[in-house]
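These notes are about the structure you will find just below.
Number of protein chains: 2
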Amino acid sequence: MNKPLAAVESCSTCPIRHRAVCARCDDDELEQLNQIKFYKTYSAGQTIAMRGDALDVVASVVGGTATLERGIEDGRTQLVGLLLPSDFIGRPGRDTLQYDVTAVTDVTLCCFYRKPFEKLLKEVPHVQERMLEMALDELDAARDWMLLLGRKTAREKIASFLMLIAKRTVHPDGRVLGDTSRIQLPISREAMANFLGLTIETVSRQFTGLRKDGVIELDGNRVVLVPDLETLLLESGDDSDGGPLI
Amino acid sequence: MNKPLAAVESCSTCPIRHRAVCARCDDDELEQLNQIKFYKTYSAGQTIAMRGDALDVVASVVGGTATLERGIEDGRTQLVGLLLPSDFIGRPGRDTLQYDVTAVTDVTLCCFYRKPFEKLLKEVPHVQERMLEMALDELDAARDWMLLLGRKTAREKIASFLMLIAKRTVHPDGRVLGDTSRIQLPISREAMANFLGLTIETVSRQFTGLRKDGVIELDGNRVVLVPDLETLLLESGDDSDGGPLI
DNA sequence: CCCGTGCATTGACACAGATCAACGGAGCTT
DNA sequence: AAGCTCCGTTGATCTGTGTCAATGCACGGG
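Going down the list, the protein sequences come from chains A and B.
Going by the numbering used here, the first residue of the first sequence is number 258, and it counts up by one from there.
Going by the numbering used here, the first residue of the second sequence is number 258, and it counts up by one from there.
This is the structure we're talking about:
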């Protein structure tokens, strides 16, 4: 479903390589990373970890899609992160997880034992630096998302989401993994609704509306064809300067 | 208006001390920080920096309140950060600012020239570590805020905001700066509306509603009295485990 | 093959919050 | 003191999105 990336190979030397952290790692540092890592796979729908769980490992997504979710007791939930290949799960320096993590497709994680990973961070400045860079990128993405959640209309939310996925389909390495005019949705309508602060019915209606207005075409439930990306961008109300989105 | 903190003194040796970064700095490191820093003050209402500005300095808020804002061309705006004393502005590793920064009260910043600050980060691991920790804390706060923006009702949003301010009034050092049952609002109704993804009218109506229901009392426009903090917490729909809010 | 289950779509209606408009009070200037 | 501006409050009405309910469609198991 999700193109699995050719990242597992490069990952065999250093799993967070596809976010460029290890271009600067020397052999010794790679060896240290390899010593504390292992791979783990989850099948679609499986819970990877829940809020309050002890956080013994941190991990990098190698393949598949997972979600980071926050909920209130009465059942309302909000996705607070969409974890695509190259994204990082868990935070050094904290020992319990704040969010529910769920695999929405089959997911492969490259896990690192947290304690030795933290030790490594202290000892290898450029890995620490890379972690900071990733955290700040995510913070920027979260802030853009706050604008979306607080101020955009349902239609703009959907359009923005499609743009986000289209952009993310281009791998940070620069390798284009998909045609941006053919968008593979990694998540269900329900997950989209949770991401966008909408209900599933509204998501559905907006898709129908965009289709009727000729902005998009649908090929099944999980593929969106975009005749003209510019039109979609206009719908999204997006002011983005093309900076990193996640 | 805002209690100015007794932080400027400790700041004279190391300005980010009140977020504990420099408890571990030795004299030499403090000296390095002092070499590249300067103080700057802004008066209420003044623009500190705008989106797209070159980012030659990063800074730590010493006193006062500032806001971080993101807007769309058509005039809609969303606050994406509330900068209170001890918060950090700017990001190492990026050279243009992504958001508008505005002083809402008189503000004192402790600024560091970005380039030498970045150099220092590379050389002093525990400062880098502290930056990472702060970024991750902000990320958590942003994610909680996403839940609020996407899923909470107007009343819950107001209640959550009041709780946030009440909590932030307790200084990270542990020094209690205010009585949590007497909340000093640092920002106007308009800024609150922009923070909460509401209109100013709705904010006003919710304040009135909470007052009529006996949850809060108002003493002027900027002071909220809370007879019972538990009641307010209930209204906020908050599931928080008391972790850091910003 | 039929039926059950899960996901998406569509319709009818309700309502929270936005919008538009008027008003009030505090502080400032002249 | 009058008049101005800024900010907040209140009222009347409108509307986008939520809610509730029915239907459609694909898939898998017996």
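Ideal placement from N, C-alpha and C gives every residue a C-beta, glycine not left out.
- Taking a C-beta distance under 8 Å as the contact criterion, V460/B and M403/A do not qualify as a contact pair.
- Inter-segment contact for the region 363-377 of chain A and the region 322-332 of chain B is absent: fewer than three beta-carbon pairs are separated by less than 8 Å.
- Residues of the region 294-323 of chain B that bring their beta carbon within less than 7 Å of a beta carbon in chain A are absent altogether.
- Taking a contact to require three or more Cβ pairs closer than 8 Å, the region 372-386 of chain B and the region 443-458 of chain B do not qualify as touching.
- Of the candidates R425/B, E447/B, Q385/B and A323/B, the residue whose Cα lies closest to the Cα of P349/B is Q385/B.
- Between F418/B and F452/B, the CB-CB gap stays under 8 Å.
- Relative to D495/B, the option among K409/A, R327/A, P382/A and L489/A whose CA is nearest is R327/A.
- Contacts with chain B at 8 Å (Cβ-Cβ) do not include G347/A.
- Of A450/B, S445/B and L490/B, the smallest CA-CA separation from A360/B is found for S445/B.
- Under DSSP, D357/A forms a beta bridge with E326/A.
- Residues of the region 362-375 of chain B with a Cβ closer than 7 Å to any Cβ of chain A: none.
- Within chain A, not a single residue places a beta-carbon under 9 Å from that of P342/B; the smallest gap is close to 20 Å.
- The DSSP assignment places complete alpha helix (DSSP H) segments of no fewer than 4 residues inside the region 425-497 of chain B at 446-453, 457-469 and 486-492, in order along the chain.
- Residue range R371 to E380 is occupied by the alpha helix (DSSP H) that includes K379/A.
- Judged by pairs of C-beta atoms under 8 Å, the region 461-480 of chain B touches the region 409-418 of chain B, as three or more such pairs exist.
- At a beta-carbon threshold of 7 Å, the residues of chain B lying near M388/A are L389, ordered along the chain.
- Of the residues assessed, V358/A falls on the buried side of the cut-off, its CB having 16 or more other CB atoms within 10 angstroms.
- Straight-line spacing of the CA atoms in A423/A and G407/B works out to 23 Å.
- The C-alpha of L312/B is placed about 7 Å away from the C-alpha of R351/B.
- Contact of A399/A with chain B is assigned, a C-beta pair being separated by under 8 Å.
- Between L354/A and A316/A, the C-beta gap is not smaller than 8 Å, which leaves the two residues out of contact.
- Taking 8 Å as the threshold, the shortest C-beta distance from Q335/B to chain A falls below it.
- Secondary structure at G338/B: strand, using DSSP grouped into helix, strand and coil.
- Assigned with DSSP and collapsed to three states, L366/B falls in strand.
- Identification of chain A residues near M403/B by a Cβ-Cβ cut-off of 7 Å yields Q335, V337, A399, W402, M403 and L406, ordered along the chain.
- Our two residues, G302/B and D394/A, have alpha carbons roughly 29 Å apart in a direct line.
- Annotation: the continuous beta strand (DSSP E) that includes K297/B extends over K294 to Y299.
- The beta carbon of L490/A does not come within 8 Å of any beta carbon belonging to chain B, so the residue lies off that interface.
- At a cut-off of 8 Å between C-beta atoms, L377/A does not count as an interface residue with respect to chain B.
- For G332/B, the three-state secondary structure derived from DSSP is coil.
- Taking 8 Å as the cut-off, the beta carbon of V318/B is found closer than this to the beta carbon of P342/B.
- Buried is the label assigned to S493/A, since at least 16 other Cβ atoms lie within 10 Å of its Cβ.
- At least 8 Å separates the beta-carbon of T362/B from that of T304/B.
- Secondary-structure assignment with DSSP links I346/B through a beta bridge to A316/B.
- Put simply, the CB of A360/B is far from chain A, with every gap to its CB atoms at 8 Å or more.
- Counted as a single uninterrupted DSSP element, the beta strand (DSSP E) harbouring T304/A occupies residues T304 to A306.
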